[in-house]
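Here is the structure we will look at, set down as structure tokens.
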Amino acid sequence: MIIHDHLDINEAGHLTIGGMDTVELAKKHGTPLYVLDENVIRRQCRTYRDAARKYFGEDALPLYASKALCFTGIYKLAAQEGMGIDCVSGGELYTAKRAGFPAERIYFHGNNKTDRDICDAMDMGVGTFVVDNEDELAAVSAQAVRRGITQRILLRITPGIDPHTHRAIITGNVDSKFGNAIVTGQAMDIVKKAIEANGIDLAGIHCHIGSQIFDIEPFEDAARIMTEFMADIKKECCFEIRELNLGGGLGVRYTEYDREIDYADSIRQISEIVKALCVKNGIAMPRVILEPGRSLVAASGITLYTVGSVKEVKGFRNYISVDGGMPDNPRYALYQSQYTALVANRASDARDYRATLAGRCCESGDLLGENMEIQRPERGDTLAVLVTGAYNYSMASNYNRLPRPAVVMVKDGEDRVVVKRETYEDLVRNDVL
Ligand code: LLP
0 MIIHDHLDIN EAGHLTIGGM DTVELAKKHG TPLYVLDENV IRRQCRTYRD
50 AARKYFGEDA LPLYASKALC FTGIYKLAAQ EGMGIDCVSG GELYTAKRAG
100 FPAERIYFHG NNKTDRDICD AMDMGVGTFV VDNEDELAAV SAQAVRRGIT
150 QRILLRITPG IDPHTHRAII TGNVDSKFGN AIVTGQAMDI VKKAIEANGI
200 DLAGIHCHIG SQIFDIEPFE DAARIMTEFM ADIKKECCFE IRELNLGGGL
250 GVRYTEYDRE IDYADSIRQI SEIVKALCVK NGIAMPRVIL EPGRSLVAAS
300 GITLYTVGSV KEVKGFRNYI SVDGGMPDNP RYALYQSQYT ALVANRASDA
350 RDYRATLAGR CCESGDLLGE NMEIQRPERG DTLAVLVTGA YNYSMASNYN
400 RLPRPAVVMV KDGEDRVVVK RETYEDLVRN DVL
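Heads up, the sequence shown is in numbering that gives the first Met the number 0, so the first residue is 0 and it goes up one at a time.
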């Protein structure tokens with residue numbers, strides 16, 4: 000096992016994913032290549048679904064936050080596993096629709112839904128809008144009235160929590176483009192407006208405090224602040240909040256320095272706190288929604304590259320250049336995210352070489368990691384970066400006119416392409432001059 004139990008080394012000394020030889024996969028499908036282990040995604044979905052029902056009650060629903068990894072097949076898989084989904088754009092909604100995902104189990108997020116998005120979502124029959132702000136509330140209400148429907152909504156609330164994570168991925172702080180802060184009174188104002196608004200069924204409230212969080216305390220704080228707010232709404236408005244969406248954010252093990260998270264037990268701990276807080280605050284236990292993205296898909300994925308060069312800059316450092324980089328994984332460039340890398344065709348050798356892993360873009364910041372412990376590779380070797388299932392393909396770009404890699408899913412000894420590799424023809428498809 001390397002970091003996660005679906006990653007291992009075979010007799011040939013090659014890295015395997017779900018029992019399949021990654022060097023063979025790279026040969027067959029080309030590189031760069033995203034590879035996902037389907038069983039791992041399904042197992043994570045079941046862990047969330049079973050634990051949510053067991054600890055929060057039968058009506059609890061985990062949503063897959065599909066910004067983490069979005070393509071038609073993943074929505075089919077989420078549907079089969081009984082998940083709801085969180086979509087944040089017309090594009091994600093369209094993909095979910097193409098996959099035949101049940102619209103009533105879609106939660107439509109985002110801090111700036113355009114009129115077109117709102118209409119498209121209503122045309123699809125999206126079950127719940129998570130309304131971010133007063134302008135959006137008015138727009139959703141106007142569309143609902145025009146259509147003669149009642150749109151079920153949650154309101155996005157900002158509890159004002161610092162979950163001790165990277166500054167750029169904190170979204171629960173008061174000074175945020177997302178949601179309505181409780182401390183400033185804005186949250187109560189929008190609740191009152193939503194209760195009064197025509198064509199709106201205010202089902203509940205939502206918060207999301209951040210991402211890659213390993214401690215339970217920030218979730219406890221969020222639960223406390225949100226249930227107290229529910230009690231305030233009950234007191235001030237004589238109105239009962241029926242649904243509480245606690246967002247996503249549980250962390251994932253990227254390197255051996257990260258600890259493993261027991262997701263079911265984390266859900267149990269959060270449920271005990273929510274139940275106790277409801278009793279304490281004199282409110283009925285709401286239906287609870289969870290919204291994980293990263294922890295459902297990150298571990299399932301790896302990225303395979305071909306090594307182009309190994310350059311030793313005397314007195315400084317060693318550079319390994321691969322045939323991908325920030326266009327397929329911008330997370331080191333954006334957040335200095337730490338990854339584990341190994342040479343897939345020498346996976347049983349000691350990782351006793353230190354190197355900076357460089358991409359192929361014309362930009363010095365195009366790195367996948369620095370000071371990485373890895374086997375010393377040679378040109379032509381297959382290099383694997385592990386735990387790339389979340390926020391890699393979904394954040395990929397065509398910078399430097401690099402086509403996006405294919406996505407291959409493996410399951411029980413079979414591999415299948417679930418997203419085709421882009422071609423140069425795809426790159427010029429929309430150029431009209
Ligand atoms: N719900 C909402 C409203 C969110 O904004 C997010 C993530 C999630 C759920 C899922 O959170 P997760 O379980 O994945 O932590 N691109 C960054 C991550 C941005 C997260 C944005 N929101 C990265 O690569 O680390």
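By construction, the Cβ of each residue, glycine as well, lies at the ideal position given by its N, Cα and C atoms.
Alpha carbon to alpha carbon, what distance is there between alanine 196 and threonine 15? Taking the first residue of the sequence shown as 1, we reach residue 15 at position 16. Taking the first residue of the sequence shown as 1, we reach residue 196 at position 197. Near 55 Å, if we compare the C-alpha coordinates of alanine 196 and threonine 15.
Rounded to the nearest angstrom, what separates arginine 286 and glycine 388 at their Cα positions? Reading the sequence shown from its first residue, position 287 is the one you call residue 286. Reading the sequence shown from its first residue, position 389 is the one you call residue 388. In a straight line, the C-alpha of arginine 286 is about 29 Å away from that of glycine 388.
Is it true that the segment 349-363 meets the segment 318-336, where meeting means three or more beta-carbon pairs spaced less than 8 Å apart? Yes, the segment 349-363 touches the segment 318-336.
Between the Cα of cysteine 118 and those of Ala143, Gly99, Ala137, spot the shortest distance and give me the residue it belongs to. What you label residue 118 is simply residue 119 of the sequence shown in a count that begins at 1. Of the candidates Ala143, Gly99, Ala137, the one whose C-alpha sits nearest the C-alpha of cysteine 118 is Ala143.
Unbroken alpha helix (DSSP H) run spanning alanine 123, endpoints: Numbered from its first residue, the sequence shown carries residue 123 at position 124. Strictly speaking, residue 123 in this sequence is methionine, with alanine absent from that position. Element bounds for methionine 123: 114-123.
Going by CA-CA distance only, name the one from Asn132, His28, Tyr33, Glu10 that's closest to serine 299. Locating residue 299 in the sequence shown gives position 300, counting from the first residue. That would be Tyr33, whose Cα lies nearest to the Cα of serine 299.
In chain order, each alpha helix (DSSP H) run of at least 4 residues that lies wholly inside the segment 72-114: Within the segment 72-114, the complete alpha helix (DSSP H) runs of at least 4 residues are 89-97.
Cut-off 8 Å between Cβ atoms - residues of its own chain near alanine 138, not counting five sequence neighbours on either side: As a working mapping, residue 138 is identified with position 139 in the sequence shown. Take alanine 138, set aside five residues on each side of it, and the residues of its chain with a beta-carbon closer than 8 Å to its own are Lys112, Asp114, Ile117, in chain order.
Secondary structure of histidine 3, DSSP reduced to three states: The residue labelled residue 3 in the question sits at position 4 within the sequence shown. Three-state result, histidine 3: strand.
Counting C-beta neighbours from all protein chains within 10 Å, is the total for methionine 19 16 or more, i.e. buried, or is it exposed? Residue numbering aside, residue 19 sits at position 20 when the sequence shown is read from its first letter. Sixteen is the threshold: when 16 or more other Cβ atoms of the shown chains lie within 10 Å of the Cβ of methionine 19, as they do, the residue is buried.
Could you tell me which residues DSSP puts in a beta bridge with valine 406? Working through the sequence shown from its first residue, we reach residue 406 at position 407. DSSP output for valine 406 lists Tyr33, Val418 as bridge partner(s).
Tell me the rounded alpha-carbon separation between alanine 78 and arginine 104. One-based indexing of the sequence shown puts residue 78 at position 79. One-based indexing of the sequence shown puts residue 104 at position 105. Note on geometry: alpha-carbon atoms of alanine 78 and arginine 104 lie some 9 Å from one another.
Considering only residues of the same chain and omitting the five flanking positions on each side of isoleucine 269, which have a CB-CB separation below 6 Å? Stepping through the sequence shown from its first residue, residue 269 is reached at position 270. The beta carbon of isoleucine 269 sits closer than 6 Å to those of Phe218, all from its chain and outside the five residues before and after it, given in chain order.
Is the segment 373-389 touching the segment 22-42 in the sense that three or more CB pairs, one from each, lie closer than 8 Å? Output reads yes: the segment 373-389 touches the segment 22-42.
Rounded to whole angstroms, what is the Cα-Cα separation between arginine 378 and lysine 310? Position 379 of the sequence shown, counting from 1, holds the residue named residue 378. Position 311 of the sequence shown, counting from 1, holds the residue named residue 310. In a straight line, the C-alpha of arginine 378 is about 11 Å away from that of lysine 310.
Distance cut-off 7 Å: serine 175 Cβ against heavy atoms of the ligand LLP: Position 176 of the sequence shown holds residue 175. No, Cβ of serine 175 sits at least 7 Å from all heavy atoms of the ligand LLP.
For asparagine 370 and serine 140, I'd like the C-alpha separation in whole angstroms. For the purposes of this step, residue 370 is identified with residue 371 of the sequence shown, where counting begins at 1. For the purposes of this step, residue 140 is identified with residue 141 of the sequence shown, where counting begins at 1. So the alpha carbons of these two residues sit roughly 53 Å apart.
From what residue to what residue does the beta strand (DSSP E) around tyrosine 318 run? Within the sequence shown, the letter at position 319 stands for residue 318. In this chain, the beta strand (DSSP E) harbouring tyrosine 318 covers 317-321.
Alanine 343 versus Lys279, Gln374, Gly358, residue with shortest Cα-Cα distance: By one-based count along the sequence shown, residue 343 stands at place 344. Comparing Cα positions, the closest option is Gln374.
For the alpha helix (DSSP H) containing arginine 293, list its first residue and its last residue. Mapped onto the sequence shown, residue 293 falls at position 294. Looking at the DSSP string, the run of the alpha helix (DSSP H) that includes arginine 293 is 293-296.
Where do the N-terminal and C-terminal ends of the beta strand (DSSP E) with glutamine 150 fall, by residue? The residue labelled residue 150 in the question sits at position 151 within the sequence shown. Per DSSP, the unbroken beta strand (DSSP E) holding glutamine 150 starts and ends at 150-157.
Using the C-alpha atoms, what's the distance from phenylalanine 315 back to phenylalanine 100? Translated into positions along the sequence shown, residue 100 becomes position 101. Translated into positions along the sequence shown, residue 315 becomes position 316. Approximately 52 Å between the Cα atoms of the pair.
Compare the Cα-Cα distances from histidine 207 to each of Ala222, Ala193, Gln150 and report the closest residue. Working through the sequence shown from its first residue, we reach residue 207 at position 208. Nearest option by C-alpha distance: Ala222.
To the nearest angstrom, how far is it from the Cα of serine 265 to the Cα of isoleucine 215? If you number the sequence shown from 1, residue 265 lands on position 266. If you number the sequence shown from 1, residue 215 lands on position 216. So the two alpha carbons sit approximately 7 Å from each other.
How would you write the range of the alpha helix (DSSP H) that alanine 196 sits in, first residue to last? In the sequence shown, the residue the question calls residue 196 occupies position 197. Alanine 196 -> no alpha helix (DSSP H), and no H or E assigned at all.
Between the alpha carbons of isoleucine 84 and asparagine 317, how many angstroms are there, rounded? The residue labelled residue 84 in the question sits at position 85 within the sequence shown. The residue labelled residue 317 in the question sits at position 318 within the sequence shown. Cα to Cα, isoleucine 84 sits roughly 43 Å from asparagine 317.
Residues near threonine 339 in its chain [Cβ-Cβ closer than 6 Å; skip 5 each side]: In the sequence shown, counting from the first residue as 1, residue 339 sits at position 340. If we look at threonine 339 and ignore the five residues flanking it on each side, its Cβ neighbours are Ile2, Thr254, Leu385.
Start-end ranges of the alpha helix (DSSP H) lying completely within the segment 174-248, minimum 4 residues: Those alpha helix (DSSP H) runs which fall completely within the segment 174-248 and span 4+ residues are 185-195, 216-236.
Below 7 Å, is the gap between the Cβ of tyrosine 253 and the nearest heavy atom of the ligand LLP? Taking the sequence shown and counting its residues from 1, the one referred to as residue 253 is at position 254. It does not: the Cβ of tyrosine 253 is nowhere closer than 7 Å to a heavy atom of the ligand LLP.
Between Glu227, Asp414, Leu153, Pro158, which lies nearest to alanine 275 when the distance is taken from Cα to Cα? Taking the first residue of the sequence shown as 1, we reach residue 275 at position 276. Out of Glu227, Asp414, Leu153, Pro158, Glu227 has the C-alpha closest to the C-alpha of alanine 275.
Any contact of the segment 173-186 with the segment 82-98, i.e. 3+ C-beta pairs under 8 Å? They do not touch, by the three-pair rule.
Best match in Asn38, Lys176, Leu367, Ile148 for proximity to arginine 330 [C-alpha to C-alpha]: Counted from its first residue, the sequence shown places residue 330 at position 331. It is Leu367 whose Cα lies nearest to the Cα of arginine 330.
Count the other CB atoms within 10 Å of the CB of leucine 153; is the residue buried (16 or more) or exposed (fewer)? Residue mapping note: residue 153 aligns to position 154 of the sequence shown, counting from 1. Under this definition leucine 153 is a buried residue.
With 16 other Cβ atoms within 10 Å as the buried cut-off, status of glutamate 290: Position 291 of the sequence shown, counting from 1, holds the residue named residue 290. Counting C-beta atoms within 10 angstroms of its own C-beta, glutamate 290 has 16 or more neighbours from the protein chains shown and is therefore classed as buried.
Between leucine 249 and the ligand ADP, is the CB less than 7 Å from at least one heavy atom? This structure does not include the ligand ADP; its bound ligands are the ligand LLP.
What residues match up with alanine 340 in a beta bridge as DSSP calls it? Within the sequence shown, residue 340 is the residue found at index 341, counting from 1. According to DSSP, which records beta bridges pairwise, alanine 340 is partnered with Val384.
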